[in-house]
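Residue numbers (my numbering), protein chains in the order written: chain D, 183 to 387; chain Y, 183 to 387.
Here is the structure we will look at.
2 protein chains.
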Amino acid sequence: MTTKATNIHFHEGDITREERWGSLNTTGCTLWFTGLSASGKSTIACALEQVLVQRKVHCFRLDGDNIRMGLNNNLGFSAEDRAENIRRIGEVSKLFADSGCVTLSSFISPYTKDRDAARKFHEDAGLKFFEVFVDASLEVCEQRDPKGLYKKARAGEIKGFTGIDDPYEAPTNAELILKPGDDPLEDCVVQCVEFLEKQGIVPAE
Amino acid sequence: MTTKATNIHFHEGDITREERWGSLNTTGCTLWFTGLSASGKSTIACALEQVLVQRKVHCFRLDGDNIRMGLNNNLGFSAEDRAENIRRIGEVSKLFADSGCVTLSSFISPYTKDRDAARKFHEDAGLKFFEVFVDASLEVCEQRDPKGLYKKARAGEIKGFTGIDDPYEAPTNAELILKPGDDPLEDCVVQCVEFLEKQGIVPAE
Chain D
183 MTTKATNIHF HEGDITREER WGSLNTTGCT LWFTGLSASG KSTIACALEQ
233 VLVQRKVHCF RLDGDNIRMG LNNNLGFSAE DRAENIRRIG EVSKLFADSG
283 CVTLSSFISP YTKDRDAARK FHEDAGLKFF EVFVDASLEV CEQRDPKGLY
333 KKARAGEIKG FTGIDDPYEA PTNAELILKP GDDPLEDCVV QCVEFLEKQG
383 IVPAE
Chain Y
183 MTTKATNIHF HEGDITREER WGSLNTTGCT LWFTGLSASG KSTIACALEQ
233 VLVQRKVHCF RLDGDNIRMG LNNNLGFSAE DRAENIRRIG EVSKLFADSG
283 CVTLSSFISP YTKDRDAARK FHEDAGLKFF EVFVDASLEV CEQRDPKGLY
333 KKARAGEIKG FTGIDDPYEA PTNAELILKP GDDPLEDCVV QCVEFLEKQG
383 IVPAE
C-alpha cells in the first residue's frame, strides 16, 4: 500500500515525560481535595476547573460522579472496598498527572493511610501531589446537608457515615488548607490558583 | 483572610465538555489498539504518540507498563480478572477521552465482548471510540517473539496464552486495520495520523 509523504518523525522507545510536557507546555500534578461530606470540595474543584480551563490549562476533575458510576461501580462501602476505591482513584490521578494534566481529585478520603498511599504513588513516579484540606467543621457541613445524608446518618439510616459514626482523620501535612466555612467560595478558588502559580504549575496572570 | 484581586470567573455547576474542549482546542477520543502479543501495537502507539505530541495534540498512552503495575496490580490472569482488567482500562480510557485527550490504549484485548463493552462506555458518554486492529499473523508474531513468550507458551510453561491455547477474536468492525507484517512502521503510523485527520481529531498539516 502507498501512503502520502507526511512529515513523520519518531525515535525508538517511549517518549519521555519531559518531551511530552515540554511540547504541550504543561505541568501535570494532582490536587487532592479531602474533607467531610458537604464541606465544599467539589464546589471548589468545579469552580477551580473553570478558571484553569479559561487559562488554557489542561485539567480534569475526578469525583464521585464520574468514578463511582464507572471505574468503581463494582465497589461497595465495606472497609476493603473503600480502601480499593481510593487506591484506584490514586492510580488514575497519577496517570492523569503523568499525562500533563492538572488533576483535581475530590473525595472525602477520610483515612490518612489511603491519602498517604495516593501521595506515594505520585512521588514514586516523580509526580507532584498536593493535599488540599477542605476544612469545614462538622457543624457547618451538617447544617448545609444538601442531600440530607447527615440527617439519615443521625437517624441510623446510613451506617458508617464519615463524621457521624466513622472517623474523619484530618490531614496534618496538607499543602493547602481552605476554610469554606469562613471564606467565600471565590476566596477559596483564588487561594488554589495562587498556590498553583507559586508552585509553577500555572503561569501567573 | 484577604486575597489579592485576581481575575476569577466561574458559573455554578459543572463545566461542559464543549467549554473544556473548546477552550483547550482539543478533541478527546480513544484509539483502541488490539492484536496478538508482539503484533506491534505498542510500537505503533508509541511512535504515534510522539508524532501527536510534536503536533501539540494532548495525547496519552495506556498500556501494560503503566496499567498492570499500577491500577490493575491486584488482578491476575483468570478469566474474571482479564475481563476486569479490560473493563477498568475501558473506563479509564473514557475518562481520558472526556478530558480532551487522544487516548492510545494498547492491549491484546482478545475478546470481542470486552472490546465492545469498552466501546459502549464511550458511546454512552457521547465519546468516540476507534478500534484499531493490528493485524499481524500468528506466524509473524511468533517469529518475532521479543520476550520469548510464544516459546514458553508452546512449551506449556505459560497457560492460556492468546493465539496458542486461548483464542484471539479478531475484530469484525474495526475502524482501522493495520498490517505491520506487510507495511513498515512508518506507514502504519501515517495511516493512524491520516485517520485522525479525516475524523477531525487532529488538524491536517
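Think of the CB as a built atom: it goes at the ideal place given N, C-alpha and C, for glycine as much as any other residue.
| field | Beta-carbon neighbours of D/GLU387, restricted to chain Y and to distances below 7 Å | value | ASN189
| field | Three-state secondary structure assigned by DSSP to Y/THR285 | value | strand
| field | As assigned by DSSP and simplified to three states, the class of Y/ILE359 | value | strand
| Among the residues of its own chain, which have a CB less than 7 Å from the CB of Y/ALA265, if the five just before and after it don't count? | ASP296
| field | Bounding residues of the beta strand (DSSP E) (the contiguous stretch that carries Y/PHE311) | value | 311-316
| message | Residues in the same chain with beta-carbon distance under 6 Å from Y/ILE340, minus the five sequence neighbours each way, listed in chain order, please. | response | LYS334
| Since D/PHE259 meets chain Y, which of its residues come closer than 8 Å, beta carbon to beta carbon? | In chain order: nothing, as chain Y lies at least about 19 Å away.
| query | Which residues of chain Y have a Cβ atom closer than 7 Å to the Cβ of D/LEU358, listed in chain order? | reply | Ordered by position in chain Y, no residue passes the 7 Å Cβ test against D/LEU358, which lies about 13 Å from the chain.
| message | Based on DSSP bridge pairs, tell me the residues matched to D/PHE192. | response | BP columns for D/PHE192 are empty, so no partner.
| said: Can you look up D/PHE343 in the DSSP assignment and give me helix, strand or coil? | reply: coil
| field | Residue environment, D/GLN325, which counts as buried when at least 16 other CB atoms sit within 10 Å | value | exposed
| query | Does the Cβ of D/SER287 have 16 or more other Cβ atoms within 10 Å, making it buried, or fewer, making it exposed? | reply | buried
| field | the stretch 220-231 of chain Y: positions lying closer than 7 Å to chain D by Cβ | value | CYS228, ALA229, GLU231
| request: Could you run through the stretch 303-316 of chain D and flag, in chain order, every residue whose CB is less than 9 Å away from some CB of chain Y? | output: PHE303, ALA307
| Does the stretch 207-215 of chain D come close enough to the stretch 297-317 of chain D to have 3 or more Cβ pairs within less than 8 Å? | yes
| Spatially closest choice to Y/TYR350 from Y/HIS191, Y/ARG202, Y/PHE192, Y/LEU218, by CA coordinates | Y/LEU218
| Minimum Cβ-Cβ distance from D/VAL384 to chain Y less than 8 Å | no
| Using 8 Å as the limit for Cβ to Cβ distance, is D/ASN267 near chain Y? | no
| said: In whole angstroms, give me the CA-to-CA distance for D/GLU376 and Y/PRO366. | reply: 49 Å
| field | D/LEU331 at chain Y interface by Cβ criterion, 8 Å | value | no
| message | When you compare the CB positions of D/HIS240 and D/THR208, do they come within less than 8 Å of one another, or not? | response | yes
| task | Say whether chain Y places a C-beta atom closer than 8 Å to the C-beta of D/MET183. | result | With a pLDDT of 37 at D/MET183, under the threshold of 50, the modelled position of that residue is not reliable, and no figure is offered here.
| Using DSSP with H/G/I as helix, E/B as strand and the rest coil, what is D/THR209? | coil
| field | Classification of Y/ASN189 by the beta-carbon crowding that lies within 10 angstroms, buried from 16 upward | value | exposed
| In chain Y, what lies closer than 8 Å to D/SER288 by C-beta? | Those do not exist, as D/SER288 stays about 12 Å from chain Y at its closest Cβ, beyond 8 Å.
| Helix or strand or just coil, what does DSSP make of D/THR354? | coil
| DSSP state of Y/LEU244 mapped onto helix, strand, coil | strand
| Quick one: does Y/GLU262 have its CB under 8 Å from some CB of chain D? | no
| field | Straight-line gap, Y/ILE271 to Y/ARG202 (C-alpha atoms, nearest Å) | value | 23 Å
| message | Give me the residue from D/ARG237, D/THR294, D/GLY195 with the minimum Cα distance to D/PRO385. | response | D/ARG237
| Delimiting residues of the alpha helix (DSSP H) encompassing Y/TRP332 | The sequence as given places Tyr at residue 332 of chain Y; Trp does not occur at that position. Unbroken alpha helix (DSSP H) run through Y/TYR332: 331-336.
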